[in-house]
Every structure is written in C-alpha cells, then in structure tokens.
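Comments concern the structure below.
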Amino acid sequence: MIANYGYKDGSGEYYISIDTDKCIACTAGRTCLTACPKGMFEIITDDYDDEVAAVKQSFRRSLAFDCTGCKPAGGYSSLPCMTACTPGAIKHSW
Amino acid sequence: MADTAGEKKEYWRWQENCWIDETKDWRAAKIITAGIDVGSVSSQAVICADGELYGFNSMRTGNNSPDSAKNAISGVLEKSGMKLEDVHYVVGTGYGRVNVPFAHKAITEIACHARGANYMGGNAVRTILDMGGQDCKAIHCDEKGKVTNFLMNDKCAAGTGRGMEVISDLMQIPIAELGARSFDVDEEPNAVSSVCVVFAKSEALGLLKAGYSKNKVVAAYCQAMAERVVSLLERIGVEKEFFITGGIAKNPGVVKRIEKLLGIQAVQTQYDSQIAGALGAALFGYTLMQKQGAPAKAA
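Top line first, the protein sequences correspond to chains U and Z. When we follow this note's numbering, the leftmost residue of the first sequence carries the number 1, and every step to the right adds one. When we follow this note's numbering, the leftmost residue of the second sequence carries the number 1, and every step to the right adds one.
The following block contains the structure:
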C-alpha cells in the first residue's frame with residue numbers, strides 16, 4: 001500500500017509517501033525514526049495489522065514547514081529520511 | 001429566506017435517514033456486526049447480518065462523539081427491535097472512531113470506505129473518492145476492497161461537504177437542490193478561483209454583486225469543487241471502476257462535473273453513499289468475527 005501523508009494547499013502539494021510493502025520487512029532497522037531531525041515518523045499497526053512507519057498526525061498538516069530544514073536550502077544534499085530508508089519506501093512529492 | 005416567526009431557515013440541513021431491510025430477519029443471522037462512522041459532520045450506524053447489509057441510520061454529528069455514536073446506533077436498533085447486546089461485534093471508524101464507547105475495535109475510515117465501496121459498487125471498483133464533511137480522500141483498492149494507495153486532504157474545507165453547506169446557506173438554496181440548480185444556467189461559468197472555502201464565500205458574494213444569478217454562482221462553486229477533487233485524484237491516478245462515497249455523491253452538480261473532467265462515469269449504487277464507511281466497518285467486524293469464531297457481545 002502507498003500511504004500518502006500530507007496535503008495540498010494554494011502553494012503546492014506536500015506529501016510524504018510510504019510504500020508499506022517495502023516498509024513491513026524493514027532491512028534498515030527502522031532508522032527513519034531517528035534520521036528525521038524532527039522525529040516526524042512513528043511505527044504504527046495499520047488497518048491490516050502490519051507494523052509500518054507513518055508520519056505522526058501532528059506533522060501531517062505542516063510538512064512544507066517542518067521539512068524545510070532538510071531540503072537543499074537547509075544544507076542537505078539528500079533528505080535524511082530517504083537516505084536512511086534503504087528499502088526505498090519513503091518519498092517526498094516536492 | 002426567511003424567517004417567519006424569527007426562526008432562521010437552515011438551508012444546509014440535509015435529510016437524515018434510517019432504514020432497515022424488512023425482507024430479512026436478523027434473528028436468523030449467526031453473526032450480527034455493526035459499524036459506527038462518527039464523522040466531523042455526519043454519523044452513521046450500519047448493521048450487517050451475516051455480512052449482508054441489514055439496516056442503517058445516518059444523522060448529523062453532535063458536539064460529543066460518544067453521544068453521536070449512541071444516537072446513531074439507537075435509531076437503527078429501535079427500528080429493528082434489536083438490542084445492543086444482540087450485536088456480536090462493533091467497529092468504530094471516522095474522525096471520532098476512538099470515542100465509540102461500545103466498539104471492540106477502531107479502524108481508519110480510509111480502509112472502511114474502501115471495503116464499503118467494494119460492497120456497494122462491486123469488486124470491480126478500483127478508485128474511490130470519499131467526499132467527507134471536512135476532508136476529502138482519494139483511495140485505490142484491490143478486488144477485495146483492500147487499500148493499495150491513498151491520500152487525503154483535511155487541511156481545508158474547500159471541496160468538502162461543509163463547504164457545500166456554507167454555499168447552501170449563503171445562496172439560501174436547500175442543499176438537496178443545489179446540484180439540479182447548478183445546471184439551470186444559460187452558460188457554464190468558470191469555476192470560482194479560490195481554493196479556500198472562506199475566500200470562495202467572499203468570491204461568491206462578489207459574483208452576485210457582479211450580476212451572476214444564484215444558480216450561476218452555485219454552478220461556479222460546483223465546478224471549483226470538482227476541479228479541486230479531480231486534482232487530488234490525479235495525484236494517485238484514476239483506474240476504472242470509479243466510485244464516489246460521502247454526502248457530496250448525492251449532489252449531481254458536482255458528480256457530473258467530476259465525471260466530465262475525468263472522462264469516465266462513476267459507478268451507480270442503490271445504497272446511500274453516506275454509509276460507505278460504517279458499512280465497511282461492519283464488514284470488517286464480520287471478517288474479524290469469522291476469524292475469531294465464537295460470537296462475543298457488544299463492549
């Protein structure tokens with residue numbers, strides 16, 4: 001399942017996508033939890049009883065602001081969450 | 001409109017609905033499950049007998065989720081002569097899903113809408129658009145109604161049922177008539193440009209002042225709503241068959257414009273589009289009961 005967390009507003013689309021099929025058998029040791037400087041990820045049991053990563057509810061409406069520090073202007077050349085997720089389950093839409 | 005005797009008419013107020021299938025006898029069922037969808041605007045209770053829809057109640061959500069859940073299920077229980085103790089398993093869903101006091105389990109409305117749409121529209125349904133009271137969801141599912149892709153937008157009320165209620169009150173047109181009235185125009189207007197329901201409201205007032213008829217303003221708003229949700233759908237892609245759930249599915253002014261923008265027709269259903277989430281929850285309950293074996297009682 002592709003779970004898209006985020007929103008679209010007048011300024012653009014801000015979604016973090018998590019491919020739960022790649023996430024279920026995480027080979028990266030759930031490093032997304034610690035890689036995000038803001039601690040935006042958590043492990044949840046989804047509706048089909050799979051333990052997968054998700055963006056915390058409190059961040060889902062403010063991704064454009066919360067992720068700014070990790071975008072190129074913030075000094076990163078690649079996003080820490082995507083780099084940590086070696087199975088390639090995490091993607092950003094912007 | 002006015003008010004006669006100082007009482008303001010509530011144009012936004014939609015028809016609440018309680019129904020049971022008189023042809024079925026719930027006492028003959030081995031497993032009775034209920035789904036309670038406590039949404040931000042409406043609440044539904046659905047009862048399934050052996051995995052088949054038996055009855056439902058759809059009403060406006062109050063200011064207290066537990067009470068809304070109780071009121072929703074009370075209506076259908078009373079109508080059927082059933083007691084809560086007769087229900088073996090209850091699943092809560094929707095915005096207030098964790099506040100359903102008698103639920104055994106809470107499941108997100110995304111999974112429940114997919115499951116409900118699979119029942120209502122058939123197992124060929126692959127794309128679901130849920131136009132809820134205060135959010136909008138685009139969902140892909142497989143032939144069993146299991147979610148394969150989803151996204152939702154709950155950051156603003158534009159493109160939602162609440163947005164339509166605001167326009168209904170502003171135009172002083174009963175909400176059930178908005179769709180038909182939106183087609184009663186000389187020419188199709190451009191969509192209102194704003195993506196925010198508050199600004200759309202001020203833009204609608206501006207159009208009225210510029211000489212637009214009420215119907216034309218409603219048409220512009222329906223077009224804006226259609227364009228907004230189609231852009232949401234396009235992000236995950238639209239695969240046939242396509243199904244719309246939620247209260248806006250009853251508004252042909254929005255539905256026809258969505259179909260025109262997408263170039264495909266939505267699957268028609270005999271069921272009330274607002275019960276999809278609660279129905280899916282009741283069906284989840286049925287599956288869980290089958291796995292667990294022995295019937296329990298409501299919590």
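Here a beta-carbon is modelled for each residue, glycine too, at the ideal position from N, C-alpha and C. None of these values were measured; they are calculated from a predicted model.
For residue i, I'd like the list of residues in its chain whose CB is within less than 6 Å of its CB, leaving aside the five on either flank, ordered along the chain.
{"i": "Z:ILE167", "result": "TYR221"}
{"i": "Z:ALA69", "result": "ILE36, VAL38, VAL100"}
{"i": "Z:VAL254", "result": "CYS222, MET225, ALA226, ILE248"}
{"i": "U:LYS91", "result": "SER17"}
{"i": "U:MET82", "result": "ILE90"}
What did DSSP end up calling residue i once you bin it into helix, strand or coil?
{"i": "Z:ALA138", "result": "strand"}
{"i": "Z:GLU241", "result": "coil"}
{"i": "Z:GLU10", "result": "coil"}
{"i": "Z:ASN57", "result": "strand"}
{"i": "Z:ASN215", "result": "helix"}
{"i": "Z:GLU78", "result": "helix"}
{"i": "U:MET40", "result": "coil"}
{"i": "Z:MET225", "result": "helix"}
{"i": "Z:TRP26", "result": "helix"}
{"i": "Z:ASP67", "result": "helix"}
Less than 7 Å between C-beta atoms, sequence neighbours within five positions excluded: which residues of the same chain meet that for residue i?
{"i": "U:ILE44", "result": "VAL52, ALA54"}
{"i": "Z:THR148", "result": "HIS140, CYS141, ASP142"}
{"i": "Z:LYS30", "result": "ASP50"}
{"i": "U:THR68", "result": "GLY74"}
{"i": "Z:ILE244", "result": "LEU129, MET131, VAL255, ALA266, SER273"}
{"i": "Z:ALA204", "result": "ILE167, LEU170, VAL192, VAL217, TYR221"}
What residue range does the alpha helix (DSSP H) around residue i cover?
{"i": "Z:VAL255", "result": "252-262"}
{"i": "Z:HIS113", "result": "109-121"}
{"i": "Z:GLN44", "result": "Per DSSP, Z:GLN44 belongs to no alpha helix (DSSP H); it is in the beta strand (DSSP E), 42-49."}
{"i": "Z:LYS201", "result": "197-209"}
{"i": "Z:THR310", "result": "Given a span of 1 to 299 for chain Z in the structure shown, any question on residue 310 of chain Z remains unanswerable."}
{"i": "Z:VAL147", "result": "Per DSSP, Z:VAL147 belongs to no alpha helix (DSSP H); it is in the beta strand (DSSP E), 147-153."}
In terms of residues, what are the limits of the beta strand (DSSP E) holding residue i?
{"i": "Z:GLY35", "result": "32-38"}
{"i": "Z:GLY92", "result": "89-93"}
{"i": "Z:LEU129", "result": "127-131"}
In chain order, what residues of the same chain lie with their CB nearer than 8 Å to the CB of residue i, ignoring the 5 residues before and after it?
{"i": "Z:ASP3", "result": "In this prediction, Z:ASP3 has a pLDDT of 48, which is less than 50 and means its spatial position is unreliable; what the coordinates show is noted afterwards. For Z:ASP3, where only same-chain residues beyond five positions count, the Cβ hits under 8 Å are LYS9."}
From the beta carbon of residue i, is the nearest beta carbon of chain A less than 8 Å away?
{"i": "Z:LEU205", "result": "Note that chain A does not occur in the displayed structure, where the protein chains are U and Z."}
Chain-ordered residues of the region 39-51 of chain U with a beta carbon less than 9 Å from chain Z: ASP46, ASP47, TYR48
Of the residues that make up the region 143-176 of chain Z, which ones have a beta carbon closer than 9 Å to any beta carbon in chain U? LYS146, VAL147, THR148, ASN149, PHE150, LEU151, MET152, ASN153, ASP154, LYS155, CYS156
Segments assigned alpha helix (DSSP H), at least 4 residues, entirely inside the region 4-33 of chain U: 20-24
Could you list the residues in the region 110-123 of chain Z with a C-beta less than 7 Å from some C-beta on chain U, going in chain order? ALA111
Return the residues of the region 80-108 of chain Z that lie within a Cβ-Cβ distance of less than 8 Å from chain U, sorted by chain order. ILE107, THR108
When you check each C-beta in the region 20-37 of chain U against every C-beta of chain Z, which residues fall closer than 7 Å? none
Mind pulling the beta strand (DSSP E) runs of 3 or more residues that sit fully within the region 38-83 of chain U? 41-45, 51-55
Which residues of the region 26-56 of chain Z have a Cβ closer than 8 Å to any Cβ of chain U? Give them in chain order. none
Could you run through the region 229-248 of chain Z and flag, in chain order, every residue whose CB is less than 9 Å away from some CB of chain U? SER231, LEU232, ARG235, ILE236
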